[in-house]
Each structure stands twice: as structure tokens, then as C-alpha cells.
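Visitor:
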Amino acid sequence: MTGSSTYCLIDHPLDEALTLLSDYTSRVEILSDGLHSLFYHEEVCYSYDLKYSVHAPCGDINPASVNERMRRASIEALSDLSLIADRIGADRLVVHPGHLVESGMRDAAEAALDRSLVDLAAVQEERVVRFALENMGSWDPYLFKTPDFAGRITGLGLGITLDLGHAHLNGLAEAFLETDGIIHLHLHDNCGVFDSHDAIGNGTIPYPDLMQTFPDDATAVIETQRMDQFIQSLHYLDGLS
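Following this note's numbering, the numbering of the sequence shown begins with 1 at its first residue and continues without gaps.
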């Protein structure tokens, strides 16, 4: 079943978000940030009969940091979060690959990310949850924007979260769907220019065609900005099935 990210209710307490979403889906991805941080609100999860995935914090964690202390701190935080993910029964832990802090440091940042991937692969061997690195949008400081990076992830036994909106911004949705190792999907829409996280059907992503090539065993959540956009997206996808 297609689920929802708590991103659409990030300004609500986690218990309220899970209550609202559980009326529409049995799968929820918890964006572990702010009011939904699992470092502070793990106990909320045990009150719901939901299947979880977890999205690691977006701002404070940077696996591509060229500052080795910051990179190691990011891995430690992800390791701790993966323990929580295991306790709540989550099957996916989505991780952003990191970003450049200074221009001209891309090679160093990619080397740092490679070290982090090795570290995450070692952590994953001791966990049930699967790490799933997410492809990023068109903003220049991002890493992992093209499918040719995927082999560096899957070669270590890590999974990929295909964010279809991000892939569309780079004109690579079809190419990404030909990539091996996709275990999770982020579904939303945009018009190919801004990462608007709009309702599916409101943008220019050709969902009717692309859905035919979704990996059969990949889990999926809708990741829109608002709750009404999530509901609209559900209705749209139901109409295609």
C-alpha cells in the first residue's frame, strides 16, 4: 500500500500526524525532524498499528562533510537512529547523501560520502532496517543527482530511495527507474523547475507511464507539502490502478 510521509503534517505533533494519516493509510514514513524527531518521540510510535519507514533529519546530518569530525558525528547519529528504527519495526531508513558546504570541494565531498557509505554498510550488517540513500534535486551543492552514482551505493549492499520528483527536476526519471537497487519510492509532483512537492497529477511527471516500471518489491510513500495534497495524490493513484 502507498503510504505517506509525515512531512505533510510536520507542524503538528507526531501523535496528531499519525492519527490523521492512519485514517488513510497503514504505512507512514516519519520525518525524524522537529516535532517528529524520533530521538524525542519514539514512544508515540508504539500506540499505532502502522508499518513505518524513517527519514533521517535533513539539515543536521551531512555524510558528505569534508570535516571528518562532522562526518563521523553524522554516522553516529544515523547509527543511533537505525537502532530506533529497528525498535519500531521500520523497514527503510532514508538518508540524504549530503551536500557541499563550500564550492570547489566536490571531489573531497564525494570522497567523504564514499567513506560514509562504507560506514553505513557496516552499521547495516548489525540492523534489520535497510538504509536507502535518496537521489537529490537540481540544486548544485547536492550529491547523488544522477544514476551513475548508484553503483557506489548498491555495490556496498545499501539500497536506494528513488525520489521521483527530484529525478524529474534533473530530467532523469526514466533513467533512474532503470537502475538496480531501488527499494523505496518518494512520490510527489512538480513542473520540472522547482521542487514543489505538489500533489501527484498537478505537475508534469508522467505517472501513468512511469508506474509501469516501478520495482515490484519497492515500498512507496507520498511526500507532499500538505495533507490535502496527500489525499488528492491517493485518489489520483487509485484512479490509475
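A virtual CB, placed ideally from N, CA and C, is assigned to each residue, including glycine. All of these numbers come straight from a predicted model, not from anything done at the bench.
Measure the beta-carbon distance from residue 90 to residue 54 and round it to whole angstroms, keeping in mind my assumption that it falls under 8 angstroms.
Guide: That belief holds up - the Cβ atoms of residue 90 and residue 54 are roughly 5 angstroms apart, short of 8 angstroms.
Visitor: Pull up the CB-CB distance for residue 135 and residue 176, whole angstroms please, since I reckon it's below 8 angstroms.
Guide: That belief holds up - the Cβ atoms of residue 135 and residue 176 are roughly 6 angstroms apart, short of 8 angstroms.
Visitor: Among 88, 150 and 10, which has the Cα closest to the Cα of residue 43?
Guide: If we check each option's Cα against that of residue 43, 88 comes out closest.
Visitor: Tell whether a beta-carbon distance below 7 angstroms holds between residue 56 and residue 81.
Guide: Yes, they are a contact pair.
Visitor: Output needed for residue 45: all residues of its chain with C-beta closer than 6 angstroms, excluding positions within five of it in sequence on either side, in chain order.
Guide: The residues are 88.
Visitor: Note down the Cα distance separating residue 189 from residue 163, rounded to an integer number of angstroms.
Guide: If I take the Cα positions, the gap works out to 10 angstroms.
Visitor: In this structure, what does DSSP give as the bridge partners for residue 51?
Guide: The partner list for residue 51 (beta bridge, DSSP) reads 27.
Visitor: Three-state secondary structure (DSSP) at residue 194?
Guide: Of the three classes helix, strand and coil, the one that applies to residue 194 here is coil, per DSSP.
Visitor: Please go through the segment 41-115 and give each complete alpha helix (DSSP H) segment of 4 or more residues, from N-terminal end onward.
Guide: If we require 4 residues or more, the alpha helix (DSSP H) runs fully inside the segment 41-115 come out as 68-87.
Visitor: In the DSSP assignment, what are the bridge partners of residue 221?
Guide: Paired residue(s): 3 and 186.
Visitor: Could you check the C-alpha separation between residue 146 and residue 107 for me, to the nearest Å?
Guide: The alpha-carbon atoms of residue 146 and residue 107 are separated by roughly 16 angstroms.
Visitor: Following the continuous alpha helix (DSSP H) through residue 231, name the residue where it begins and the one where it ends.
Guide: Unbroken alpha helix (DSSP H) run through residue 231: 227-240.
Visitor: Could you pull the start and end residues of the alpha helix (DSSP H) that residue 151 belongs to?
Guide: Run containing residue 151: 150-154, per the alpha helix (DSSP H) assignment.
Visitor: With a Cβ-Cβ cutoff of 7 angstroms, do residue 129 and residue 85 count as a contact?
Guide: A contact, by the Cβ cut-off of 7 angstroms.
Visitor: Please classify residue 191 as buried or exposed, where buried requires at least 16 other C-beta atoms within 10 Å of its C-beta.
Guide: Answer is exposed; the Cβ neighbour count stays below 16.
Visitor: Roughly how many whole angstroms lie between the Cα atoms of residue 154 and residue 215?
Guide: For residue 154 and residue 215, the distance between alpha carbons rounds to 15 angstroms.
Visitor: Just reading off the alpha helix (DSSP H) that residue 162 is part of, what are its end residues?
Guide: Looking at the DSSP string, residue 162 is not in any alpha helix (DSSP H); the run it does join, the beta strand (DSSP E), is 159-163.
Visitor: May I ask which residues mark the beginning and end of the beta strand (DSSP E) holding residue 132?
Guide: Segment 130-134, the beta strand (DSSP E) holding residue 132.
Visitor: Here's a check: name, in chain order, each residue in its chain whose Cβ is nearer than 8 angstroms to the Cβ of residue 183, leaving out the five neighbours to either side.
Guide: 92, 130, 132, 159, 160, 161, 215, 217, 218 and 219.
Visitor: Where does the unbroken alpha helix (DSSP H) through residue 19 begin, and where does it stop?
Guide: Taken as a continuous stretch (DSSP letters only), the alpha helix (DSSP H) holding residue 19 covers 14-21.
Visitor: Report the residue from 199, 114, 120 and 67 whose alpha carbon sits nearest the alpha carbon of residue 77.
Guide: That would be 120, whose Cα lies nearest to the Cα of residue 77.
Visitor: Is it buried or exposed, residue 249, if we count other Cβ atoms within 10 angstroms and call 16 or more buried?
Guide: A query on residue 249 cannot be resolved here, the shown segment of the chain reaching from 1 to 241 and no further.
Visitor: Contact check, residue 83 vs residue 48 under 8 angstroms by CB: the rounded distance?
Guide: Contact flag wrong, Cβ pair sits at about 20 angstroms.
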